[in-house]
Amino acid sequence: MPRLQPIAIEDTSGHTRELVDAAKKKLGKHLNIIATMANSPAVLESYLGFSGAMGKTKLPAQAREAVSLAIGEKNQCQYCVSAHTTVGKMVGFTEDETVQIRQGVAADPKVQAVIDLAVAIAETKGLISDEDFADAKSAGLSDEEITEVVGLVALNIFTNFFNHVAGTEVDFPKVELLASV
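Going by the numbering used here, the sequence shown runs without a break in its numbering and finishes at 182.
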C-alpha cells in the first residue's frame, strides 16, 4: 500500500501535466513512480532532467543498467530492481545476467569495473579508497566515465530512497529481491 499517493494523471494540469505527459512519451506509459513524484513538480522535474541527462552518458546502456541493478539490489528497492530488470533485458541482458549483476558479477570486464566502482561508492558513501579508484582506472575507466558512475549512483540512490519512503507500487513484472548481496 503506497504511503505517498500517486497523483491521478487526469488531475494534473499546467507544468505538472506537461512533465507527466513527457515522461509517458519517453517511457511508453504512465508509471507509478512518476505519478507519485508528481506530488512535487519540482522533484518530478529534477528527476526527469537528471535521468534524461544520465541517459546520454559515454557509458553504454548496459553499463548504466548494471549500476541501476546493482545499487537497487544493494538498497533493497523492489520497485527499481523490477524496473531495471525489465529495462536490462531491453538493452540485451538475459534474465540470468540481471541476477548475476544484482549479485555484483558481470561477464564483461568493463561492466564489472563499473559495478565494482558503483558498489564501492554506495557502500562508502563516496569515500572510496585509493585502491578502489586505482582499480577503476586500471580497468580502463576514464575520468569522464568515473564521473558518470558517481552520477548514476546518486540518481539510483535517490530513486531507491524515494520508492522506499513512498511505498511505490511496482508496475513492472515484479522481481523478488535476493536474500543477501
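Beta carbons are placed, not taken as given, at the ideal position from N, Cα and C, and that holds for glycine. Just so you know, these numbers come straight off a predicted model, no measurement behind them.
F163 and K75 have their alpha carbons spaced roughly 15 Å apart.
Spanning the alpha carbons of A39 and G168 requires a straight line of approximately 15 Å. T86 is positioned such that its CB atom lies closer than 8 Å to that of V176. Residue nearest to A84 within the set A108, A123, K30, G50 is K30 (criterion: CA-CA distance). With at least 16 other beta carbons inside 10 angstroms of its own, L60 counts as buried. Taking a 10 Å sphere around the C-beta of L179, we find fewer than 16 other C-beta atoms and assign the residue as exposed.
Between F159 and the set C81, A137, E19, the nearest pair of CA atoms involves C81. In the structure shown, G105 adopts coil according to DSSP, grouped into three states. Restricting attention to T58, V171, I8, T95, the CA atom closest to the CA of V151 is found in T58. Between Q113 and the set E96, D144, S69, A64, the nearest pair of CA atoms involves A64. If you ignore the 5 residues before and after V44, its C-beta comes within less than 7 Å of the C-beta of M38, all in its own chain and listed in chain order. Taking 8 Å as the cut-off, the Cβ atoms of D109 and D136 do not count as close.
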